[in-house]
Each structure stands twice: as C-alpha cells, then as structure tokens.
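A quick write-up on the structure given underneath.
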Amino acid sequence: LSQLPGWSVRPDGSIVIATGNDDALGLYRCTPYNSYGTAGESRPTRVLLKDPPAFTVRPKEEYFQEVGRELVIPCAAHGDPPPTITWVKVGSVGKSSAQVDGNSSLVLRPLIKEQHGVWECTATNQVASVTTATSVHVLGTSPHAVTNVSVLPLLLAANISWEPGFDGGYFQRFSVWYTPLARYPPRAHHDWVSLSVPVGAQHLLVENLQPDTSYQFSVLAQNKLGSGPFSQIVTSVPRGFPVTTVPPEPPAMTVHVFLSPPRALMANETARGVLLRWDPPARASVALSGYALELRQDKGGWEVLERSIPGTDTQVLVPGLIKDAFYEFRLVAFAGSYISDPSNTVNVSTAGMEVYPSRTQLPELLPQPVLAGVIGGICFLSVAVIFSTMAACIMNRRRAARVRKRRQDPPLVFSP
Numbered sequence: 031l032s033q034l035p036g037w038s039v040r041p042d043g044s045i046v047i048a049t050g051n052d053d054a055l056g057l058y059r060c061t062p063y064n065s066y067g068t069a070g071e072s073r074p075t076r077v078l079l080k081d082p083p084a085f086t087v088r089p090k091e092e093y094f095q096e097v098g099r100e101l102v103i104p105c106a107a108h109g110d111p112p113p114t115i116t117w118v119k120v121g122s123v124g125k126s127s128a129q130v131d132g133n134s135s136l137v138l139r140p141l142i143k144e145q146h147g148v149w150e151c152t153a154t155n156q157v158a159s160v161t162t163a164t165s166v167h168v169l170g171t172s173p174h175a176v177t178n179v180s181v182l183p184l185l186l187a188a189n190i191s192w193e194p195g196f197d198g199g200y201f202q203r204f205s206v207w208y209t210p211l212a213r214y215p216p217r218a219h220h221d222w223v224s225l226s227v228p229v230g231a232q233h234l235l236v237e238n239l240q241p242d243t244s245y246q247f248s249v250l251a252q253n254k255l256g257s258g259p260f261s262q263i264v265t266s267v268p269r270g271f272p273v274t275t276v277p278p279e280p281p282a283m284t285v286h287v288f289l290s291p292p293r294a295l296m297a298n299e300t301a302r303g304v305l306l307r308w309d310p311p312a313r314a315s316v317a318l319s320g321y322a323l324e325l326r327q328d329k330g331g332w333e334v335l336e337r338s339i340p341g342t343d344t345q346v347l348v349p350g351l352i353k354d355a356f357y358e359f360r361l362v363a364f365a366g367s368y369i370s371d372p373s374n375t376v377n378v379s380t381a382g383m384e385v386y387p388s389r390t391q392l393p394e395l396l397p398q399p400v401l402a403g404v405i406g407g408i409c410f411l412s413v414a415v416i417f418s419t420m421a422a423c424i425m426n427r428r429r430a431a432r433v434r435k436r437r438q439d440p441p442l443v444f445s446p
C-alpha cells in the first residue's frame, strides 16, 4: 500500500482510499494475524467505481405565478446508476398535491395558495443524494401568516414584533390582537382587543396592561382580498412596579470652606475722592468672586456702598463724601454663597477736605424713606407752582378781555 499515494490502513484494519480511480477497481481480501499466526483470509469483496448524481437542469431560484394557473418547474440529473428524482415542499405535513412528469419536472396544476413556499428537488442513487431548492410565490391570494412572533414584557406594557409573511401580491397591513387570561373566567370565551399597526411597522407597543397578569397575543395580516390566518398565540406577563426598599440616604458630608477676610485695608485722600487699597484674603479654598464695600457715617449703622467689586481688584475710589463728616469703611470678600468676615476698619474724616461736587454724593448715604420724601416734596411743589402760574395767566387774560369789551361797547343814553 505504501506504493499507492493516498492509500492507508487504519488501526482497526480498514483501508482508506483518498481518491477513487481505476487503481481501486478489483477484488479485496483481508487476512488477520497475530504472533500465533492467522485463521485465514476473509471472503473477497469487489470494489466498483460509480458516479454520484449531478444536476443537468436546475430550477430557478424563484417562480411567480397567479393562483389557479399551471406552473411547471424543471429538474434533471444523471449518475451511475441513474438517479431517482423526488420533489418535496419544505415544512409540509402529509402528502402534497404536486405531480412529477416524465422529465422529472414539478407540475402544479392548478396552482393553489397552499403550494406557496420552498420546494426541494432531490436526486438519489446508490452512491449519494444531492438536493437543490426553489421558491414558489403564488400571486392573487390573501396574506400568509406572520412568523417569529415575539413579546418583550415591559412595565405595564408589552412590545410585540414579528416577521411578515408573503403578501399575496398586494399591499398588506397588520393588527395586533390580545386578551387577558383570567384564572377563573366568568365565561368560556375571551374578549380580544385589536390594535392597528402603523403602515410599514413590524412591531407595536401595547400599553396600559395589568401587572402580573397573563396575556395572549396574536398578529393578523390583511390585504385587499381579505385576512390571512392568525399567527401562533404567544403568552406573556407584563412586569409590575418593582417592590424595593429605599436605601437610607448617606450622611451629608460637611465641606469646610476657608475664606479669610481682606487684609491691610487703608485709605488715601486724592483730588477725586478717597482711594481705598487692600490685599486679597490670605486663605481661600474656593475661587474668589468679588468684594463688597460697607460704610457708616458718624457711628451710625453699617450700609453696603458697593456690592460688585471684581475679585481681581485691590483698590476702589469713593467719591461724593460730605464735608465735615466722619466715615468708617470695611471690606468683605465673597466666593459664591460664602462671605468672609469683615476686614479691618479704616476711619476717614472729611474735616478740612475740599467739598466734592454734589453729583458725586452717593444716594445710599441717606435712608431710602427720607430720600423718597424729599423727592416727593420737590415734585409736589413743582406741580403746585406750575398750576398756580397757569391759573394766574388765565385770570389775567379774562380780566383783560372784559376791559376791552367795556371800551368797545357804546355809552348808554337816557332821555327824560
């Protein structure tokens, strides 16, 4: 055997011929032996070379034909010995109504809706079997049932999806049917609810379902010729609200924010007013937002003079102070909602200082009620003066008109 390429002997004594050719033809005998000898050779066996089936005519991948008409699908094969041709519809139960003519062609006469699907042509002889398939589409029928219906249970809802069947040659639409399964139904039948599916969709969300209740779902296809069969019924249970315990809230973490007050506040007199200078806070664990300037006059209450000094500034000019007055200034820093302690206080006396123009005096130096009363009194006096002037002018005009009229009237003559 070593002289024949592709030939080998297995441990059990079988001969393996990798490639069958004329060298393999003939009679073969097997002789078993061991250290004690042999009991003799086996009966002879003959090796013959035969050809497996091979298709000479294959059907097309798809055929489309109107219902009620005739459809002939060819299929032919050769081999040694000649093979036998058989036709089978995939997925069919029992014997089909198909016929095979003398040329091994499949004859569907008349074509009916149930013959729609995949058909297989098989060629078989003593050597092997080979198979080819084709799809038959029957036109002019109602839709076929949808397949692969699946239901995804959701919270008080369910998502139904499917794969459409053949539409029968016409546009088809779908509807989803469902019903609850009561443990003790009051009557023998169930009330099914149908929902239309949007055009082109292959899934539908069914909402407002009862939690922990079994539901049956089915899908129906329809076209202009009528309704197809319902799909297989799928049972599912929508999810309810989960019953969970609320975990305790973690203890609040205390965040320590360090914001020291501004440092080294000092005041200098200038030609335009009092110039205040300072150094930024020594410690700030958060970004500095800005400063607010406070003042009080003659030991009164503290008031905010300026609350929007940028955090990058280290000086501010205070104009409009009143002459011969005593002021105190202090500064606070803030970062977001955090405010520092006040800085050191600086004292400013305007005794002997030049009087600044009245337009620079800050309205915050007067209490708001007093300022509102002053402005209201001024407005009232102005309106009273205007009305008095107008009234005087009107009276003067009327008096002048009466005088002119008297002068123009003729004198009265009295006769005895």
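In terms of the numbering used here, the sequence shown opens at residue 31 and continues consecutively. C-beta atoms are modelled at their ideal positions from N, C-alpha and C, and glycine is treated no differently.
Which residue from the options puts its Cα closest to that of residue i?
i, options, result
"Ile11", "Ala422, Ala251, Ser44 and Leu323", "Residue 11 lies beyond the residue range present for the chain, which begins at 31 and ends at 446; the question has no answer from this structure."
"Pro104", "Ser72, Ala355, Val137 and Val97", "Val137"
"Ser370", "Arg293, Ala301, Glu144 and Leu335", "Arg293"
"Ala251", "Val179, Tyr368 and Arg432", "Val179"
"Ser257", "Ile263, Thr171 and Gly270", "Thr171"
"Thr164", "Phe94, Val227 and Glu144", "Phe94"
"Val168", "Phe85, Val87 and Lys143", "Lys143"
"Glu92", "Leu235, Ser248 and His146", "His146"
"Ser248", "Leu255, Thr265 and Leu235", "Thr265"
"Thr375", "Ile416, Lys329 and Ala414", "Lys329"
"Gln246", "Trp222, Tyr58, Ile408 and Gln232", "Trp222"
"Phe24", "Leu305, Ser290, Thr300 and Val120", "Examination of residue 24 is not possible in this model, given that the chain is present from 31 through 446 alone."
"Pro210", "Tyr200, Phe201 and Ser224", "Ser224"
Return the chain-ordered list of same chain residues with a C-beta closer than 6 Å to the C-beta of residue i, the five sequence neighbours on each side being excluded.
i, result
"Ala54", "Ile47 and Val77"
"Glu100", "Arg139"
"Thr161", "Glu150 and Thr152"
"Glu336", "Leu323"
"Val102", "Ser135 and Val137"
"Gly198", "Thr171, Ser172, Pro173 and Asn253"
"Glu237", "Ala187"
By DSSP, does residue i sit in helix, in strand, or in coil?
i, result
"Arg360", "strand"
"Phe201", "coil"
"Phe94", "strand"
"Gly350", "coil"
"Asn426", "helix"
"Gly403", "helix"
"Phe410", "helix"
"Ala158", "coil"
"Gln33", "coil"
"Asp52", "helix"
"Lys435", "helix"
"Gln246", "strand"
"Pro387", "Any reading at Pro387 needs caution, since the residue's pLDDT is 45, under 50, leaving its predicted position unreliable; the model's value is listed next. Residue state, collapsed to three classes: coil."
"Ala317", "coil"
"Glu237", "coil"
"Ile339", "strand"
"Ser134", "coil"
Please report the straight-line C-alpha distance between residue i and residue j, rounded to a whole angstrom.
i, j, result
"Lys80", "Gly109", "8 Å"
"Leu361", "Asn377", "13 Å"
"Thr49", "Gly43", "19 Å"
"Leu184", "Val166", "39 Å"
"Arg203", "Pro89", "32 Å"
"Arg429", "Ala355", "55 Å"
"Pro310", "Ala381", "30 Å"
"Gly366", "Val316", "9 Å"
"Val443", "Ala431", "Since pLDDT at Val443 reaches only 47, below the 50 mark, its modelled position is unreliable, and the value read off the structure follows with that caveat. Approximately 24 Å between the Cα atoms of the pair."
"Val267", "Val130", "49 Å"
"Glu96", "Arg269", "47 Å"
"Cys423", "Ser379", "51 Å"
"Ala175", "Asn51", "52 Å"
"Thr419", "Lys353", "37 Å"
"Ile405", "Leu411", "10 Å"
"Pro372", "Ala297", "16 Å"
"Glu358", "Leu295", "11 Å"
"Ser122", "Leu141", "16 Å"
"Pro74", "Phe85", "34 Å"
"Ser226", "Leu234", "9 Å"
"Pro62", "Trp37", "19 Å"
"Arg427", "Gly407", "31 Å"
"Val181", "Val120", "27 Å"
Tell me which same chain residues have a C-beta within less than 7 Å of the C-beta of residue i, skipping the five on either side of it?
i, result
"Gln34", "What sits at residue 34 in the sequence shown is Leu, not Gln. These residues qualify, in order along the chain: Asp53."
"Glu333", "Glu324, Leu325, Arg326 and Glu394"
"Gly56", "Val77"
With a CB to CB cut of under 8 Å and the five nearest residues on each side skipped, what residues in its chain are close to residue i?
i, result
"Thr177", "Trp192, Glu193, Gly195 and Ser261"
"Thr344", "Arg307, Trp308, Asp309 and Pro310"
"Asn133", "Pro104 and Ala106"
"Arg434", "none"
On the three-pair Cβ rule with 8 Å, is the segment 234-253 touching the segment 150-162? no
Answer yes if the segment 331-348 comes into contact with the segment 301-320, meaning at least three C-beta pairs across the two stretches below 8 Å, and no otherwise. yes
For the structure I just gave you, are there three or more beta carbon pairs, one from the segment 110-121 and one from the segment 55-73, closer than 8 Å? no
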